[in-house]
Structure formats: structure tokens, C-alpha cells
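Q: Take a look at the following structure, please.
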Ligand SMILES: Cc1cc2nc3c(=O)[nH]c(=O)nc-3n(C[C@H](O)[C@H](O)[C@H](O)COP(=O)(O)OP(=O)(O)OC[C@H]3O[C@@H](n4cnc5c(N)ncnc54)[C@H](O)[C@@H]3O)c2cc1C
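In my numbering, the protein residues as written are 1 to 410.
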């Protein structure tokens, strides 16, 4: 065990920041220092969307700070620089067209589907982009998902009849829009399957998640027969998701398809807690961070035990969870580059994990969003919250960057 720790040293900041020039590192240090001030992040989270909408000239500031740190560029073409840079260090990319969560119309959803397909085609031309991530809320209205989620509560979303039950009480328009969503998603997955690119469905708010799970499993049922093309995301900060994932393993075995899962803790903690209190239902979040961690590591363990039929993405910045997974692999003689195991961190975060894992021969990627500033704002604000003390993670990135600055004497 000790030997593994020595091979994989997450404290090696020299390797972690090898791709960052001195001035970029100093800029990142300043940014993470500012994000450490929770009141600043809270105020920014509240007012930024309004400032953008009202045309207040704030985009330049965002572009120079949060955007540069966490986003690959304003267009697909502009991500090339970052992709090339990562490729030099054997780091792969999960490309994410940052559209999510708005109340767009069908034409805009078709446009977004077209964008996703463009991204898939682009990924297929590159050696280091094995996956494209998709938010269902970029392809259908949030409120429709919410209505379906409410109606379908009685049935497991693995069940292919789930959706018939859920749509039964909705009007023609809703059923029609759902049909359009399924066509968009199926087209996306088919093209991805033909081109050998993996599709990851992001997990979103719990009150719209059942139909998202349904879509992901319906697509897995169709496309994950010979290999894993489609992945669903499991948020282990929800108290029932470990059981849900284990059911998914059983269901996939029974139905004869391979399961693809991206394991995350979850990005909407504040929103989940406050909505549950406001609307008056049981808080879906685990009783403590420790329980989230236990479930996360148990989910990792389940996936690794079933590595020949379950493909997993360990999508986390938690050093211990990454170490547990890597140690399991080394201890059980699993190839570090086994096609059913992949690690991933968000672009702009936890380079100490990404670059050291890549150096040790693991499949590892950066989740790289791109898109115009106004589209990626929700994503950027979540990153700011995550790196402030709101989610209890103050200072981790800052300390690593500070350490590397000291080492470089800059
Ligand atoms: C590649 C990638 C893809 C991602 N995709 C998604 C996605 O599709 N959907 C999504 O929601 N998120 C997604 N995330 C974001 C992810 O959820 C956050 O980055 C993650 O929660 C941060 O946790 P961590 O695993 O890095 O570890 P840590 O820093 O150890 O954990 C922090 C997390 O623990 C949880 N937590 C904190 N306090 C408590 C508490 N009191 N009780 C219970 N739980 C608590 C929260 O989820 C918090 O974010 C993705 C992340 C990555 C790296």
C-alpha cells in the first residue's frame, strides 16, 4: 500500500503545474485567494446573472478571471489550444458545450443538439477527446422535466414503462416535446456510437433527475451492448443514490447491457437543501459530508469489483477517493489504462490529481466546458461557490498553487 502512495504522489506540484507558466500560476493564485472570501462569492453569485442580462460591462472581467481558469474557450475551435496542451501530458478531455437549464424553445433545443453533434464530430478527429458531456436541460425545457419528475415518482426510472406512466397525465404539447427530446438524444447517441465517442449525461437537480436517468438508461439499453457508449451520472451526496446505482448494476446485468456511470458527489448542495426546506419535503442530501464520502467510496468499490461489465468515471477532486481507486487498481493487478476505468477532474481544478495520475499511466481527463460567457455563467458560478467555503472546500487549490509558487520562488 505504502509503495502505491510513493508511485502516485498527489503532492507533487511540480508535475501538477508543469503546463502553467509563472504568470498564469500567479494569476490563478490571486483568483483562488479571492474565491476564499465567501461573502464576495455569495454577492457575485446573486448579482452576476442580472448584470449580464442588463448589459453591464462585466464580461471582460469574467473573461480574464473565472472564464480563463475554468473554461476552454468561447467556441469549439478555441478549445484546441487547451486540448493540445493537455495532450502533451497524456491528459484527455471530456468536452462540454456549456448550455444548460434555460427555458428555450424547440428551435433552440434543435440548435443545441446540432452543437452537440458538431462537438462529437470534432472529438472524433482528435486523439485525446474520448467523451462528450451533455446536459439534458440543454435539449428540453426544465419545467417539462419537472412535471414529468412529479408524475413519474411511483416508478423506477430504469423501467422502460416509467415514461408512459409519467406522460399519461400531461397534455399533448408536453408529450410532443418529450418525443422531440428522445429523437434528439437518440440521434446524438447514434452518431457518437458510430464515431466511437462516449456520451456522458450530467446529473442535475434532484427534482428533474428521474427523467434524466430514464433517458440515460434507455440509451444504454440501446447502445451499450458491445461496449460502453453512454454514461449516466450518480450524485453520491444524495442519500439514496448508492442503492440506485447498485440497482442499476443489477438491472443492466438482467437486461444484457453494460452500465456506464460517472461518479460525482454533486454540485447543487445549497440549492437542494434550500428548496427542500422551502417547499417542505425531506432534504435529499446525506446527513453529513462523511456519509457522502463513505457512499462515494463504496460506489467506486462496487464499480471496480465489476470492472469487466461496468465502466466508471471517477469524477472527483477528493484526494482520498482518487487514491482509494488507484490503490485498488494497483493492488488487484488491473491495468492502469483499463478501458473501463477513467478518472476526471474539472479544468482549472486539482491539477495535482490529474497530472500525477496521467504520469502514473491512468486514463485521466479534464472536463472542459466551452461556450459564450453568458451561456457558461451558471457553470462558472458553481465553480466559484465550490472553491469558496460555501461547500466547505476553502483553500485547497490555493494551498497547492501557493506551494508551487514557493517551489518556483515566484
Ligand atoms: C468530471 C466531473 C464531472 C462532473 N459532473 C457533474 C454532474 O454531472 N453533476 C453534478 O452535480 N456534479 C458534477 N460534478 C461536480 C461535482 O459534483 C463537484 O465537483 C463535487 O461535488 C466536488 O466534490 P469532490 O468529489 O471533488 O470532493 P470533495 O471536495 O471531497 O467534496 C465536496 C462535495 O461534498 C459534498 N458535500 C459537502 N458538504 C456536504 C454535507 N454537509 N453533506 C453532504 N454532502 C456534502 C458536496 O457534493 C460537495 O460538492 C462533476 C465533477 C467532475 C470532476
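For each residue, glycine too, the CB sits at the ideal point set by N, CA and C. Please read all numbers here as calculations on a predicted model, not as lab measurements.
Are the region 84–97 and the region 118–136 touching, with three or more C-beta to C-beta distances below 8 Å?
A: They touch, by the three-pair rule.
Q: Are residue 321 and residue 297 close, meaning C-beta to C-beta below 8 Å?
A: Numbered from 1 along the chain shown, position 321 holds the residue referred to as residue 321. Numbered from 1 along the chain shown, position 297 holds the residue referred to as residue 297. Contact flag set, yes.
Q: Can you check which of these residues, 374, 20, 410 and 142, is closest to residue 98 by C-alpha distance?
A: The residue you call residue 98 lines up with position 98 of the chain shown. Out of 374, 20, 410 and 142, 374 has the C-alpha closest to the C-alpha of residue 98.
Q: When burial is assigned at 16 or more other CB atoms within 10 Å of the CB, is residue 397 buried or exposed?
A: Walking along the chain shown from the start, residue 397 turns up at place 397. The residue is buried, with at least 16 neighbouring Cβ atoms inside 10 Å.
Q: Does the distance between the C-beta of residue 206 and the nearest non-hydrogen atom of ligand 1 fall short of 7 Å?
A: Residue mapping note: residue 206 aligns to position 206 of the chain shown, counting from 1. Every heavy atom of ligand 1 is 7 Å or more from the Cβ of residue 206, so no.
Q: Which value, in whole angstroms, describes the spacing of the CA atoms of residue 15 and residue 153?
A: Taking the first residue of the chain shown as position 1, residue 15 is located at position 15. Taking the first residue of the chain shown as position 1, residue 153 is located at position 153. Going from the Cα of residue 15 to the Cα of residue 153 covers about 48 Å.
Q: Which two residues bound the contiguous alpha helix (DSSP H) that contains residue 48?
A: Your numbering for residue 48 matches position 48 in the chain shown. Here the alpha helix (DSSP H) through residue 48 covers 38–53.
Q: Excluding the five sequence neighbours on either side, which residues of its own chain have a C-beta within less than 6 Å of the C-beta of residue 383, listed in chain order?
A: The residue given as residue 383 occupies position 383 in the chain shown. So the qualifying residues of the chain are 70.
Q: Residues in the same chain with beta-carbon distance under 6 Å from residue 5, minus the five sequence neighbours each way, listed in chain order, please.
A: Here residue 5 corresponds to residue number 5 of the chain shown, with the count starting at 1. Because residue 5 sits at a pLDDT of 42, beneath the cut-off of 50, its placement in the model cannot be relied upon, and the following sentence gives the value as read from the coordinates. Contacts found: none.
Q: Can you give me the C-alpha to C-alpha distance between residue 172 and residue 158, rounded to a whole angstrom?
A: Residue 172 sits at position 172 when you count from the first residue of the chain shown. Residue 158 sits at position 158 when you count from the first residue of the chain shown. Approximately 24 Å between the Cα atoms of the pair.
Q: Which of helix, strand or coil does DSSP assign to residue 282?
A: The residue given as residue 282 occupies position 282 in the chain shown. Coil at residue 282, not helix or strand.
Q: Give me whichever residues DSSP pairs with residue 262 in a beta bridge.
A: Mapped onto the chain shown, residue 262 falls at position 262. Per DSSP, 233 and 313.
Q: Kindly examine ligand 1 and report whether one of its heavy atoms sits closer than 7 Å to the Cβ of residue 357.
A: The count along the chain shown starts at 1 and reaches residue 357 at position 357. Residue 357: no, Cβ never under 7 Å from ligand 1.
Q: Distance check for residue 27 and residue 410, CA to CA, integer angstroms please.
A: In the chain shown, the residue the question calls residue 410 occupies position 410. In the chain shown, the residue the question calls residue 27 occupies position 27. If you take the alpha carbons of residue 410 and residue 27, they lie about 12 Å apart.
Q: Just to confirm before moving on: does the CB-CB distance between residue 215 and residue 223 stay below 8 Å?
A: What you label residue 215 is simply residue 215 of the chain shown in a count that begins at 1. What you label residue 223 is simply residue 223 of the chain shown in a count that begins at 1. No.
Q: At a cut-off of 7 Å, would you count residue 312 as near ligand 1, judging by its Cβ distance to the nearest heavy atom?
A: The residue you call residue 312 lines up with position 312 of the chain shown. For ligand 1, not one heavy atom lies less than 7 Å from the Cβ of residue 312.
Q: Excluding the 5 residues flanking residue 59 on each side, which residues of the same chain have their C-beta closer than 6 Å to its C-beta?
A: Walking along the chain shown from the start, residue 59 turns up at place 59. Excluding residues within five positions, the ones whose Cβ falls inside 6 Å are 373.
Q: Return helix, strand or coil for residue 200, following the three-state DSSP convention.
A: The sequence position of residue 200 within the chain shown is 200, counting from 1. In the structure shown, residue 200 sits in a strand (DSSP, three-state: E or B).
Q: Taking the alpha-carbon of residue 180 as reference, which of 111, 326 and 160 has the nearest alpha-carbon?
A: As a first step, residue 180 is located in the chain shown; it is residue number 180 there, counting from the start. That would be 111, whose Cα lies nearest to the Cα of residue 180.
Q: Taking DSSP as the reference, what is the three-state secondary structure of residue 345?
A: Working through the chain shown from its first residue, we reach residue 345 at position 345. Residue 345: strand per DSSP, three-state reduction.
Q: Please confirm if the region 260–280 is in contact with the region 193–204, defined as three or more CB-CB distances below 8 Å between the two stretches.
A: Because the criterion of three Cβ pairs below 8 Å is met, the region 260–280 and the region 193–204 touch.
Q: Express the C-alpha separation of residue 341 and residue 183 in angstroms, rounding to a whole number.
A: Mapped onto the chain shown, residue 183 falls at position 183. Mapped onto the chain shown, residue 341 falls at position 341. So the two alpha carbons sit approximately 30 Å from each other.
Q: Would you kindly check if the distance between the Cβ of residue 385 and the Cβ of residue 270 is under 8 Å?
A: Counting from one through the chain shown, the residue named residue 270 turns up at place 270. Counting from one through the chain shown, the residue named residue 385 turns up at place 385. In this structure, residue 385 lies closer than 8 Å to residue 270 by Cβ.
Q: Helix, strand or coil for residue 131 per DSSP?
A: For the purposes of this step, residue 131 is taken as residue 131 along the chain shown, with counting starting at 1. Looking at residue 131 - three-state DSSP - the assignment turns out to be strand.
Q: By how many angstroms is the C-alpha of residue 395 removed from the C-alpha of residue 33?
A: In the chain shown, counting from the first residue as 1, residue 33 sits at position 33. In the chain shown, counting from the first residue as 1, residue 395 sits at position 395. So the alpha carbons of these two residues sit roughly 8 Å apart.
Q: Report yes if the CB atom of residue 303 is closer than 8 Å to the CB atom of residue 261, and no otherwise.
A: Residue 303 sits at position 303 when you count from the first residue of the chain shown. Residue 261 sits at position 261 when you count from the first residue of the chain shown. Yes; because the gap between Cβ atoms is below 8 Å, this pair is in contact.
Q: Using only the alpha-carbon positions, how far apart do residue 356 and residue 19 sit?
A: As a first step, residue 356 must be located in the chain shown, where it is residue number 356. As a first step, residue 19 must be located in the chain shown, where it is residue number 19. Going from the Cα of residue 356 to the Cα of residue 19 covers about 13 Å.
Q: Hey, would you say residue 212 sits closer than 8 Å to residue 146, going by beta carbons?
A: Position 212 of the chain shown, counted from the first residue, corresponds to residue 212. Position 146 of the chain shown, counted from the first residue, corresponds to residue 146. Result no, Cβ atoms of residue 212 and residue 146 do not sit closer than 8 Å.
Q: Indicate, with yes or no, if ligand 1 has a heavy atom lying under 7 Å from the CB of residue 380.
A: On the chain shown, residue 380 is found 380 positions in, with the first residue counted as 1. No, Cβ of residue 380 sits at least 7 Å from all heavy atoms of ligand 1.
Q: Pull the bridge partners of residue 238 from the DSSP assignment, please.
A: One-based indexing of the chain shown puts residue 238 at position 238. Answer is 285, bridged to residue 238.
Q: Starting from the Cα of residue 72, find the closest Cα among 401, 348, 354 and 360 and give me that residue.
A: Counting from 1 along the chain shown, the entry for residue 72 is found at position 72. Checked all of 401, 348, 354 and 360; the closest Cα to residue 72 is 348.
Q: Taking the beta carbon of residue 401 as the centre, do at least 16 other beta carbons fall within 10 Å, making it buried, or is it exposed?
A: Taking the first residue of the chain shown as 1, we reach residue 401 at position 401. So residue 401 counts as buried.
Q: Could you tell me which whole alpha helix (DSSP H) segments of length 4 or greater appear in the region 44–124?
A: Those alpha helix (DSSP H) runs which fall completely within the region 44–124 and span 4+ residues are 59–62, 80–87 and 106–124.
Q: Quick one: does the C-beta of residue 292 sit closer than 7 Å to a heavy atom of ligand 1?
A: Along the chain shown, one-based indexing puts residue 292 at 292. Under cutoff, so the answer is yes.
Q: Closest to residue 232 by CA distance: which of 120, 132 and 143 is it?
A: Within the chain shown, the letter at position 232 stands for residue 232. It is 132 whose Cα lies nearest to the Cα of residue 232.
Q: Just the Cα atoms here: how many angstroms apart are residue 354 and residue 119?
A: Counting from 1 along the chain shown, the entry for residue 354 is found at position 354. Counting from 1 along the chain shown, the entry for residue 119 is found at position 119. Straight-line Cα distance between these residues: approximately 23 Å.
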